[in-house]
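Scroll down for the structure; my scribbles are underneath it.
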Amino acid sequence: MPRHLLPVGPTYVPAQSDGSHAVPSAPPVTPAPRVEPMPFAGLRLVHAALRRDLARLPQALRLLQPGDEIAADALQRHWDFMTAMITCHHEQQDSRLWPLLRRFAPELRLLLNWLEADHHNLDHSFTRVTTLVRIATRDPASSWPVAYAVEELAARLETHLRIEERQLLPRMDGIFPAGSRIGTLPELLDLLRAADGPASSDALVWLLEGVDPAQIDRLLADCDDETARYWPHWRDTYARCTDQLWGPAR
């Protein structure tokens with residue numbers, strides 16, 4: 001994260017021997033805060049986006065009103081997008097990342113086996129809640145119990161994410177060399193382009209929603225030129241769609 005320097009006041013030239021008054025010099029130039037790279041940004045951004053949406057979806061469900069088809073359709077579309085993202089995330093870990101870790105860090109095999117099995121359990125839980133969300137968007141009278149089901153799912157997923165972040169990501173720092181694309185945002189976008197899943201443009205703005213602008217600039221600098229060029233258009237289009245669900249960003 002950026003480290004901000006404390007503000008420094010103007011400096012003064014000491015009084016001269018002839019008794020002249022002190023003259024303030026030009027204020028020093030404070031260098032721009034340096035934005036540190038985010039190790040394994042692709043993985044961390046998926047985790048943050050899932051936490052963010054699972055925290056606010058229950059309230060969106062509870063606010064659904066009978067006859068408000070626009071809000072109901074927006075919520076259903078967003079839920080379907082989010083579940084598609086977590087499915088792709090699990091598939092990429094199970095088929096690409098875990099095999100690499102089993103090869104170069106065999107001591108992690110038991111943990112990886114548990115994480116892979118838990119992916120299947122989570123996928124079943126998301127499938128069950130998806131059915132409930134469809135019911136709630138068609139019949140808002142049932143939205144409150146469905147909101148509780150989403151909150152239970154969020155707590156279930158949180159356990160999994162914390163195990164990955166606390167037990168796995170620190171070990172990955174010592175396994176993959178600096179400059180590796182494993183777990184990065186560009187790798188994630190490339191994998192999404194090759195997969196039959198969410199569009200990489202939609203995924204990018206979903207991942208970067210709420211991220212500090214300086215950090216966004218740093219992350220986009222690692223992406224290809226086309227991604228950086230179209231980012232403002234993708235961001236504005238995404239905002240117009242999600243305004244129907246969360247309200248205009250403040």
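1 is the number of the first residue of the sequence shown in full-length UniProt numbering; add one for each residue after it.
Glycine included, each C-beta is placed from N, C-alpha and C at the ideal position.
These figures come from a predicted structure and were not determined experimentally.
Alpha-carbon spacing of residue 140 relative to residue 237, whole angstroms: Each residue's CA atom was taken as its position, placing residue 140 and residue 237 some 27 Å apart.
Short Cβ contact (8 Å threshold) for residue 58 with residue 147: In this structure, residue 58 sits near residue 147, with a CB-CB distance shorter than 8 Å.
DSSP-derived helix/strand/coil call for residue 145: The answer is helix: DSSP assigns residue 145 an H, G or I state.
Pairwise C-alpha distance: residue 142 and residue 233: Each residue's Cα considered, the two are about 37 Å apart.
Backbone CA spacing between residue 219 and residue 104 [nearest angstrom]: A direct Cα-Cα distance of roughly 27 Å separates residue 219 from residue 104.
Backbone secondary structure at residue 180 - three-state DSSP: When secondary structure is reduced to three states using DSSP, residue 180 falls in the coil class, being assigned neither helix nor strand.
Span separating the alpha-carbon of residue 81 from that of residue 217: Note on geometry: alpha-carbon atoms of residue 81 and residue 217 lie some 25 Å from one another.
Buried or exposed (CB count within 10 angstroms, at least 16 for buried), residue 243: Residue 243 should be labelled exposed.
Per-residue DSSP class, three states only, for residue 209: If DSSP states are grouped into helix, strand and coil, residue 209 belongs with coil.
Contact under 8 Å by Cβ, residue 41 with residue 153: No, these two residues do not count as a Cβ contact at 8 Å.
Close Cβ partners of residue 96 (< 8 Å) along its chain, the five nearest in sequence each way excluded: Excluding positions up to five away in sequence, the list reads 191.
Euclidean distance between Cα positions of residue 83 and residue 122: Rounded to whole angstroms, residue 83 to residue 122 spans 11 Å at the Cα level.
Cutoff 8 Å: residue 108 Cβ touching any chain D Cβ: As a matter of chain content, chain D is missing from the structure shown, which is built from one protein chain.
DSSP three-state assignment for residue 111, whether helix, strand or coil: Helix at residue 111.
Inter-residue spacing [alpha-carbon to alpha-carbon] between residue 60 and residue 120: When the Cα atoms are used, residue 60 and residue 120 turn out to be separated by approximately 27 Å.
Outcome for residue 100 when other beta-carbon atoms lying within 10 angstroms are tallied against a minimum of 16: The residue in question, residue 100, is exposed, as its Cβ has fewer than 16 Cβ neighbours within 10 Å.
Top-ranked residue by Cα proximity to residue 226, from 200, 208 and 246: That would be 200, whose Cα lies nearest to the Cα of residue 226.
Residue 65, DSSP secondary structure in three states: Residue 65: coil per DSSP, three-state reduction.
The stretch 108-115 / the stretch 167-179 touching (three or more Cβ pairs under 8 Å): As far as the Cβ criterion goes, the stretch 108-115 touches the stretch 167-179, which means the pair count is three or higher.
Environment of residue 131 [buried if 16+ CB atoms lie within 10 Å]: Counting the other Cβ atoms within 10 Å of the Cβ of residue 131 gives fewer than 16, which makes it exposed.
DSSP three-state assignment for residue 136, whether helix, strand or coil: In this structure, residue 136 counts as helix in the three-state DSSP scheme.
Exposed unless 16 or more other CB atoms sit within 10 angstroms - verdict on residue 53: Of the residues assessed, residue 53 falls on the buried side of the cut-off, its CB having 16 or more other CB atoms within 10 angstroms.
Member of 206, 235, 246 and 245 whose CA lies at the smallest distance from the CA of residue 85: Measuring from the Cα of residue 85, the nearest candidate turns out to be 206.
First through last residue of the alpha helix (DSSP H) which encompasses residue 172: Counting along the chain, the unbroken alpha helix (DSSP H) around residue 172 starts and ends at 169-173.
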